[in-house]
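> Okay, so the sequence shown: first residue is 1 according to UniProt numbering, each after it adds one. Every residue, glycine too, gets a C-beta built ideally from N, C-alpha and C. Have a look at this one.
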Amino acid sequence: MLGLLFSVQEVVQLTADNFDTFTSEHSYTLVKFYAPWCGHCKALAPKWEKLAGMTEIPVAEIDCTVHQAICSRYSVQGYPTIKLIDSKKVATDYEGEREAPAIQKWADAIGKEVFVVITKDQIKADSKKRKLEAFFVLYAPEDQQEELSKKFKRFDSFFYYVYSEQTKLVSQQSGYQFTLNNVSESKQLAMFVLQHAYPFISALNHKSLAKLTEIPGKQLVILNLNSKLDDAEKLIEYQQANNPKQLQIFNSFVFSKASNDNEIVKKIRKTNSFTENQEFVFIYNAKNEKKIKYAAVEIVDGDIQEQILKFLKETDATKFKGITEKWAQEEPKGEI
């Protein structure tokens with residue numbers, strides 16, 4: 001399952017000697033067929049390296065000027081050619097935009113395994129091994145797994161599946177547990193998953209930014225705070241752990257934190273000529289790196305939690321009202 005795993009990967013160099021072995025050992029492999037002299041290949045190279053850190057699917061490449069037989073086997077006629085190859089050597093061509101987020105979304109949608117089947121006793125050790133801060137456990141009968149897979153495939157989250165006579169969905173989120181006893185109602189299920197799919201607060205970096213800005217119905221809030229960060233974290237943890245229904249505005253946001261030396265925050269602060277000692281909360285609403293749109297409020301001395309709540313309420317009401325509910329009402333289409 002691909003949802004919340006953030007691991008550092010590098011582009012794998014494939015050759016005629018390791019191609020078959022490597023692709024057979026992985027459920028899916030993203031392969032770029034290229035030629036060193038190709039200008040488009042050179043332009044794609046840094047994006048391909050970026051992609052390797054954005055998906056759990058192995059990202060690889062093969063030089064067709066050296067390994068012509070492999071490239072001929074997969075009917076490569078131009079460069080670069082991108083294919084998603086499964087363990088049985090079946091290849092699917094990628095024909096979309098040559099940008100890392102677009103390729104990632106396409107590959108993850110095809111390669112997504114909805115559930116990891118496990119026993120209840122194995123969850124603690126397995127989730128620790130995977131370094132999961134937020135995940136779900138679906139308890140349901142074994143004979144319902146295939147049907148439930150269709151219902152849950154729309155969600156880009158990590159789901160364990162435990163065979164059980166009774167059906168319920170349990171969220172483990174930042175050390176807290178939440179339960180949904182009825183998974184049959186689509187809107188209720190979608191809202192539950194959306195509310196509990198991510199840690200209360202994530203560290204901000206380029207990899208997490210790519211994930212957090214793509215969450216349906218959610219806007220990313222960046223806490224650019226130093227001395228006031230503890231109060232902000234307490235507010236967010238308390239509201240999300242204890243008052244998820246009483247304070248519905250938290251359904252509209254996902255939170256991250258970053259100091260002034262964070263590269264993403266530096267860009268925003270420099271653009272707006274903020275001084276070193278100013279502390280801010282940003283709502284980052286970017287669809288691409290070239291066009292950053294956000295709302296911001298400076299946090300000053302006084303009741304920090306009240307200032308943040310006021311800002312979120314006002315921004316939610318004027319800019320994002322109804323986005324989450326609209327997404328949740330959409331019927332699952334069997335895809336991300």
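#1: Mind checking which residues open and close the alpha helix (DSSP H) that includes I215?
#2: Beta carbon of I283, beta carbon of A232: below 8 Å?
#3: DSSP on Q172, reduced to helix/strand/coil?
#4: For the candidate residues L235, I70, R98, whose alpha-carbon lies nearest to that of C41?
#5: In the structure shown, what three-state DSSP assignment does V114 receive?
#6: In this structure, how does DSSP classify I103 when only helix, strand and coil are distinguished?
#7: Just checking, does the segment 159-168 make contact with the segment 134-144 on the three C-beta pairs under 8 Å criterion?
#8: Considering only DSSP beta bridges, list what I62 is partnered with.
#9: DSSP beta-bridge partners for F159?
#10: Please report the straight-line C-alpha distance between A16 and D63, rounded to a whole angstrom.
#11: Could you tell me the distance, in whole angstroms, from the CA atom of T179 to the CA atom of A210?
#12: Can Y34 and E61 be called in contact, C-beta distance under 8 Å?
#13: Under 8 Å by Cβ, that's how I've got A241 and Y176 pegged, so tell me the actual separation to the nearest angstrom.
#14: By a C-beta neighbour count over all protein chains shown, 10 Å radius and 16 as the cutoff for buried, is Q68 buried or exposed?
#15: Give the single residue among F159, G39, L51 whose Cα lies nearest to the Cα of V11.
#16: In angstroms with no decimal places, state the Cα-to-Cα distance between N272 and A295.
#17: Comparing the CB of P36 with every heavy atom of the ligand SAM, is any distance shorter than 7 Å?
#18: Per DSSP, what kind of secondary structure is N262 in: helix, strand or coil?
#19: Taking Cβ to Cβ, would you say I57 is nearer than 8 Å to F19?
Put simply:
#1: It is not in any alpha helix (DSSP H) - I215 carries neither H nor E in the DSSP assignment.
#2: no
#3: strand
#4: R98
#5: coil
#6: helix
#7: yes
#8: L14, F33
#9: F115, F136
#10: 10 Å
#11: 28 Å
#12: yes
#13: 5 Å
#14: exposed
#15: L51
#16: 12 Å
#17: Absence of the ligand SAM is noted for the structure shown, with no ligands found whatsoever.
#18: coil
#19: no
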